[in-house]
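Novice:
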Amino acid sequence: MSETALKLKNPRPESLCDVPTHFCPGCNHGIIHRLVAEAIDHFGIRERTVGAASVGCSVFLYNYIKTDVVEAPHGRAPAVATGLRRALPDKYVFTYQGDGDLAAIGTAEIIHAANRGEKMTVVFVNNTTYGMTGGQMAPTTLLGQVTTTSPYGRDWHGAGYPMRMCEILAVMEGPSFVARAAVNKPANLKRARKLIFQAFEAQVERDGFGFVEVLSACPTDWGMTPARAMERVAEEMIPYFPLGVFKDKKEAEHL
Amino acid sequence: MDKKKKKLIKGNDAVAMAAIEAGCRYYFGYPITPQSEIPEYLSRAFPKLGGVFLQAESEVASINMLLGAGSAGVKVMTSSSGPGISLMQEGISYMAGSEVPGVIVNVQRSGPGLGGISPSQGDYFQATRGGGHGDYRTPALAPASVQEMWDHTILAFDLSQRYRTPVIVLADAMLGQMKEAVDTSAPEFPPLPGKDWITTGAEGRDPRVVKSLYLGEGELEAHCWKLHKKFLEIKDKETRFERYKLDDAELVVVAFGSPARISKTSIDRARSEGKKVGLLRPITICPFPEDAIAELADAGKTFLVTELSTGQLLEDVRMSAGRKAKINFYGRPNGAGSLPTPDDIYHEIMEAYPG
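Protein chains in written order, with numbering that gives the first Met the number 0: chain A, 0 to 254; chain B, 0 to 354.
1. Using a Cβ-Cβ distance cut-off of 7 Å, determine whether residue 207(B) contacts chain A.
2. Tell me the start and end of each unbroken alpha helix (DSSP H) in the region 70–121 of chain B that is at least 4 residues and wholly inside, in chain order.
3. Mapping the DSSP letters down to three states, classify residue 179(A) as helix, strand or coil.
4. Can you check whether the C-beta of residue 67(A) is within less than 7 Å of a C-beta belonging to chain B?
5. Verify the CB distance criterion: does residue 81(A) have a CB-CB separation below 7 Å to chain B?
6. I'd like to know if residue 327(B) contacts chain A, where contact means its C-beta is closer than 7 Å to some C-beta of that chain.
7. Could you check which residue in 343(B), 4(B), 118(B) and 231(B) has the C-alpha nearest to that of residue 266(B)?
8. Find the nearest neighbour of residue 237(B) within the set 134(B), 188(B) and 56(B), judged by alpha-carbon distance.
9. Residues in the same chain with beta-carbon distance under 6 Å from residue 317(A), minus the five sequence neighbours each way, listed in chain order, please.
10. If we ignore side chains and look at the alpha-carbon of each, how far apart do residue 94(A) and residue 321(B) end up?
11. Could you list which residues in chain A have their beta carbon closer than 8 Å to that of residue 76(B), in chain order?
12. So, does the region 167–182 of chain B touch the region 45–62 of chain B, judging by three or more C-beta pairs under 8 Å?
13. May I have the straight-line CA-CA distance separating residue 173(A) from residue 21(B), to the nearest angstrom?
14. Would residue 350(B) count as contacting chain C if we go by Cβ distances under 7 Å?
15. Spell out the partners DSSP gives residue 201(B) in its beta bridges.
16. Just mark residue 221(A) as buried or exposed, buried being the case when its beta carbon has 16 or more other beta carbons within 10 Å.
17. Do residue 175(A) and residue 65(A) have their CB atoms nearer than 7 Å?
18. Could you give the distance in angstroms between the alpha-carbon of residue 248(B) and the alpha-carbon of residue 275(B)?
19. Output the distance between the C-alpha atoms of residue 296(B) and residue 352(B), rounded to the nearest integer angstrom.
20. So, are the CB atoms of residue 117(B) and residue 172(B) less than 7 Å apart?
21. Specify, as a first and last residue, the run of the alpha helix (DSSP H) that residue 240(B) falls within.
22. Give the interface partners of residue 61(A) over in chain B, defined as CB-CB distance under 8 Å, in chain order.
23. Counting pairs of beta carbons, one from the region 89–100 of chain B and one from the region 24–38 of chain B, are three or more of them closer than 8 Å?
24. For residue 104(B), decide whether its Cβ has a neighbour in chain A, counting only Cβ atoms nearer than 7 Å.
25. For the region 158–234 of chain A, which segments carrying the alpha helix (DSSP H) assignment without a break, of at least 4 residues, lie completely within its bounds, in sequence order?
26. Taking 7 Å as the cut-off, decide whether the C-beta atoms of residue 175(B) and residue 34(B) are in contact.
27. Bridge partners for residue 97(A) per DSSP, in chain order?
28. Residue 107(A) to residue 150(B), Cα distance in whole Å?
29. Check the Cβ-Cβ distances between residue 166(B) and every residue of chain A, and say whether any is below 7 Å.
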């Protein structure tokens, strides 16, 4: 460990690899990866956890998180995680998915994994765009938002509305925990850390389905500086995607 | 045969029972005619055996559950028919690319599109050419009796585990829906290789990754050649076919699955009239028994290819036999009422018979 790292108040989590990430400057994936690694450390489950990586900027999950990982096809991480968890009843699984992955191509898989109350943790990173493919319109793209495939701004006529996945999942009986967080400022980051921990707690302590959405900045595809992108999270995203806990089932109430 | 082991079983039930016999305790699937007896059987049996039966939201989800459970090292199966198998191709490609074992049973119905629910062999190309995107093949077994629904399901698990590959069992509606006496003995296989790749949690070891993404220069090319080398090994060691009354045959019927079975009756009738006819039945349609076909072609034999399609097996026979071979074709694609009778094939034999 470097001298600087030793001086840090919060040293690198054991579950996070000590390597530079491939993410763009100002991207929030790195922060969210760290929070996930902290949660895995907190519950002491690194050696008993398997991740399901998705397709998109987060595909390289296995380069950064020090657990076993299976790479899932686009949108299918909840199905892959279901197979893993059913085959490994004494272990833990998590998925880490972007908005195109989870809320467009993988809508059926996430809805049904949630409905079955699969014992898993889902980390959903919403940056309102397809980052990896170059900034196309996502299911969560805000109305009026210009992307490479909504060059005149997203219009609900024809393109529909940005989908609020937490609100959709929270009305279902299956999930144990559903929450939305942001990491655009220290107070929100602290709260995000807690909510990610709770999404793992739902699985580890309560045998349930834990879901946490994290609003994330994508300065590159938004065409903004990192600082301005953080401001956009606060000004445009949080008003439409309100932060908070949407569902928290302390016991398996359906039993 | 041990009489106690002989049972009257429906084809689809034989697949389910064989999966249990092979040690499979994980099934993920979605209902579709004509294979629904398989999930129905396992939904009854697995809870009592401590297994997992999960009716998924789609075939897309089921195959990815195979990818997950297979990555954890357990024996896992799904079953479906035409339209459902199409939906699974994405996941089969990922399983092949990530080298994850699993058994996929296709009880073929007729297509394209919604088609029909009668026996068909229109999925031959899909089963023998990889099926999904990318450069890969999967072994594909073609049962021709309820006995082989049992045998091939058990064999599919062994091949799948032995070579770390998805394996297709390509049956059809006739085999799935009919009942026959089956010897339910279990064959013995050599020990399987160790599972030093499975993702079960990195306890006391470095983390493992099951993946198919290779972006580094030359990485994917090397990976594809590695998969191909494995396929060549399978071709070398596992190619299977049946020769029926072939030794003196002048006319060689080539057929797999249900038409192969029907052909035997037609061949017997032609034989009783002095015609020297035999059957070459591919058991592994992938890898294809091309050498066996080539030898017969080199010996100047005439061929009659018959199948439940407009000519898919036909192409493999043509490629193996060469352009000079005399190849006749009798195809009955799709649809209710289009399963050939022994008389139909007998007449084709008489038409094609040389001289």
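Cβ atoms here follow ideal geometry from the backbone N, Cα and C, with glycine treated the same way.
Specialist: Short version:
1. yes
2. 81–97
3. strand
4. yes
5. yes
6. no
7. 343(B)
8. 188(B)
9. This structure does not reach residue 317(A), given that chain A is present from 0 up to 254, and the question cannot be answered.
10. 51 Å
11. Per Cβ cutoff of 8 Å: no residues; residue 76(B) is ~12 Å from chain A at best.
12. no
13. 34 Å
14. As a matter of chain content, chain C is missing from the structure shown, whose protein chains are A and B.
15. In the DSSP output, where bridge partners are listed per residue, residue 201(B) has none listed.
16. buried
17. no
18. 5 Å
19. 15 Å
20. yes
21. First-last for residue 240(B): 240–243, but that is the beta strand (DSSP E), not the alpha helix (DSSP H).
22. 206, 208 and 210
23. no
24. no
25. 164–169, 185–203, 218–221 and 225–231
26. yes
27. 124(A)
28. 35 Å
29. no
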